[in-house]
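Peer 1: Handing you this structure, nothing more for now.
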Amino acid sequence: YWAKDWTALDPNFGTTEDLKELVEKAHAKGIRIVLDIVINHTGPVTPEDPVFPETWVRTTPVCQYDNYVNTTACALVANLPDIRTEENVSVELPEQLVQKWKQEGRYEKEVTELNAFFAQTGLPKSPKYYIMKWLTDYIKTFGVDGFRVDTAKHVNEDVWDDFQKLCQAAFEEYKA
Numbered sequence: 001y002w003a004k005d006w007t008a009l010d011p012n013f014g015t016t017e018d019l020k021e022l023v024e025k026a027h028a029k030g031i032r033i034v035l036d037i038v039i040n041h042t043g044p045v046t047p048e049d050p051v052f053p054e055t056w057v058r059t060t061p062v063c064q065y066d067n068y069v070n071t072t073a074c075a076l077v078a079n080l081p082d083i084r085t086e087e088n089v090s091v092e093l094p095e096q097l098v099q100k101w102k103q104e105g106r107y108e109k110e111v112t113e114l115n116a117f118f119a120q121t122g123l124p125k126s127p128k129y130y131i132m133k134w135l136t137d138y139i140k141t142f143g144v145d146g147f148r149v150d151t152a153k154h155v156n157e158d159v160w161d162d163f164q165k166l167c168q169a170a171f172e173e174y175k176a
């Protein structure tokens with residue numbers, strides 16, 4: 001729920017092989033798999049998990065919920081950095097992800113896939129599109145059937161239209 005790396009499963013929930021097996025067995029019984037996702041915030045900031053760059057998140061103001069902007073362009077609570085989902089400006093990957101992927105030996109693979117995604121879609125390398133790419137990979141790779149979005153009201157409405165289109169394209173690729 002408190003993502004720091006949308007490309008990796010929380011090991012408390014198993015491995016990628018476990019997820020693949022779960023989806024395959026569920027589909028064999030006519031059951032669909034829906035993942036719970038969050039696009040609008042990362043996990044809390046800790047000494048082990050530093051805040052993402054300001055180009056990715058805001059930490060203030062805390063939401064007041066008295067109008068649309070004070071419900072979307074704000075941090076839900078203190079110490080829960082809010083992803084700048086309203087932005088369309090290209091940004092660099094957070095250094096903590098770069099270092100994590102390098103330590104795991106998958107930096108080149110991740111960057112190659114990201115570059116291919118952005119070249120194919122023509123979308124800017126903004127935080128929301130990085131996250132959408134990473135989430136739609138669960139459809140393309142595992143055949144996940146859908147997503148439950150806990151914090152939909154805290155994300156600009158246009159995000160959901162773009163996300164739906166990318167999910168549909170990912171599903172078509174998975175079926176091919």
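Per the UniProt record's numbering, residue 1 is the first one in the sequence shown, and the count goes up by one each step.
For glycine and all other residues, C-beta sits at the position ideal for the given N, C-alpha and C.
(1) When the distance is taken between beta carbons, is V51 closer than 8 Å to residue 193?
(2) Please state if the CB of M132 and the CB of D158 are separated by a distance shorter than 8 Å.
(3) Of the residues E108, L93 and D137, which one's Cα is nearest the Cα of K125?
(4) Under a Cβ-count criterion, where at least 16 other Cβ atoms within 10 Å of its own Cβ denotes burial, should T112 be classed as buried or exposed?
(5) To the nearest angstrom, how far is the alpha carbon of T85 from that of P53?
(6) Can P44 and L80 be called in contact, C-beta distance under 8 Å?
(7) Please check the pair L123 and Y129, which I expect to be a contact at CB under 8 Å, by giving their CB distance rounded to whole angstroms.
(8) Output needed for D145: all residues of its chain with C-beta closer than 7 Å, excluding positions within five of it in sequence on either side, in chain order.
(9) Name, in chain order, the residues that DSSP records as bridge partners for I37.
(10) With DSSP as the reference, identify every bridge partner of D66, one or two as the case may be.
(11) Just grab the DSSP bridge partners of V57 for me.
(12) Got a sec, what are the start and stop residues for the alpha helix (DSSP H) L114 sits in?
(13) Tell me the DSSP bridge mates of A75?
(14) Would L76 and H154 be called neighbours here (beta carbons separated by less than 8 Å)?
Peer 2: Working from what's here:
(1) Summary: the structure shown does not reach residue 193, with the chain confined to residues 1 through 176, and so no result is reported for it.
(2) no
(3) L93
(4) exposed
(5) 14 Å
(6) yes
(7) 5 Å
(8) R32, I33 and V34
(9) V149
(10) BP columns for D66 are empty, so no partner.
(11) I83
(12) Y107 to T121
(13) V62
(14) yes
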